[in-house]
DNA sequence: TTAACGATTCGCT
DNA sequence: GCGAATCGTTAAA
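Numbering (our numbering), first residue to last: 2 to 205.
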């Protein structure tokens with residue numbers, strides 16, 4: 002996993018997530034390269050985490066979450082938005098960190114072209130779907146390993162890391178017992194916090 | 001085969 | 001701040 006290997010190898014998503022803050026992830030394709038300095042992430046586990054895509058077991062979509070650490074898991078949200086995770090934990094035990102927001106530090110021109118409606122550069126990669134758009138994630142990236150077209154470079158551990166319940170995940174206790182969203186303080190690229198996903202009357 | 005639901009975003013008030 | 005849009009994935013029939 003690039004220079005990240007030593008520090009992150011062997012960790013699950015929960016302990017790795019705060020260490021990813023400040024790290025730079027870069028993706029290169031035919032259009033060029035875009036790199037983002039991560040400011041907000043969320044951890045997702047497996048069978049014990051009702052908010053995780055892996056909670057109900059392995060499917061074609063979430064298979065990368067069960068794969069080796071250092072892999073990418075890209076999925077479609079609401080049929081449109083591409084969101085990306087970095088896989089952690091031993092192979093077979095699903096655990097991943099969702100990349101929620103960041104600051105574009107390379108390829109700003111390309112990022113602006115991919116999101117023409119955005120005025121402020123600080124908002125280019127605010128929110129997982131938006132970050133996905135500027136990075137240019139493709140479903141073909143899902144299941145691939147870091148070190149190819151996608152590179153991760155860790156930064157020194159952040160002196161201050163803020164925690165809160167995960168955005169868009171409704172849990173019995175309101176998520177208070179699972180403050181698995183991590184973000185850096187004072188970052189304009191951090192998406193505003195929402196208590197939970199909109200929930201319709203019917204239950205599952 | 002069919003129906004329901006989102007790890008969200010954007011535009012309008 | 002609120003509500004609709006949108007379509008692939010999943011689970012149920």
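We put the CB at the ideal spot given by N, CA and C, even for glycine.
Pull up the CB-CB distance for residue i and residue j, whole angstroms please, since I reckon it's below 8 Å.
| i | j | result |
| --- | --- | --- |
| residue 75 | residue 16 | Rounded, the Cβ-Cβ distance is 23 Å, inconsistent with contact. |
| residue 54 | residue 66 | 7 Å |
| residue 132 | residue 43 | 12 Å between Cβ atoms; not a contact. |
| residue 108 | residue 36 | 6 Å |
| residue 58 | residue 88 | Not really, about 16 Å apart at Cβ, beyond 8 Å. |
| residue 176 | residue 160 | Not confirmed; about 26 Å, so no contact. |
| residue 62 | residue 106 | 30 Å between Cβ atoms; not a contact. |
Going by beta-carbon coordinates alone, are residue i and residue j separated by less than 8 Å?
| i | j | result |
| --- | --- | --- |
| residue 163 | residue 189 | no |
| residue 103 | residue 123 | no |
| residue 192 | residue 128 | yes |
| residue 155 | residue 8 | yes |
| residue 21 | residue 72 | no |
| residue 41 | residue 137 | no |
| residue 52 | residue 153 | no |
| residue 90 | residue 13 | yes |
| residue 56 | residue 64 | no |
| residue 84 | residue 130 | yes |
Looking only at DSSP bridge pairs, what is residue i linked to?
| i | result |
| --- | --- |
| residue 79 | According to DSSP, residue 79 bridges with nothing at all. |
| residue 182 | 43, 165 |
Fill in: Start-end ranges of the beta strand (DSSP E) lying completely within the stretch 84-170, minimum 3 residues
97-107, 151-154, 163-165
Item to complete: Write down every uninterrupted run of the beta strand (DSSP E) in the stretch 21-72 whose length is 3 residues or greater and which is fully enclosed by it, in chain order.
Response: 25-30, 33-45
Item to complete: State whether the stretch 173-181 contacts the stretch 104-119, with contact taken as three or more CB pairs (one from each stretch) at a distance under 8 Å.
Response: no
Item to complete: For the stretch 23-31 and the stretch 89-99, state whether three or more C-beta atom pairs, one from each stretch, are separated by less than 8 Å.
Response: no
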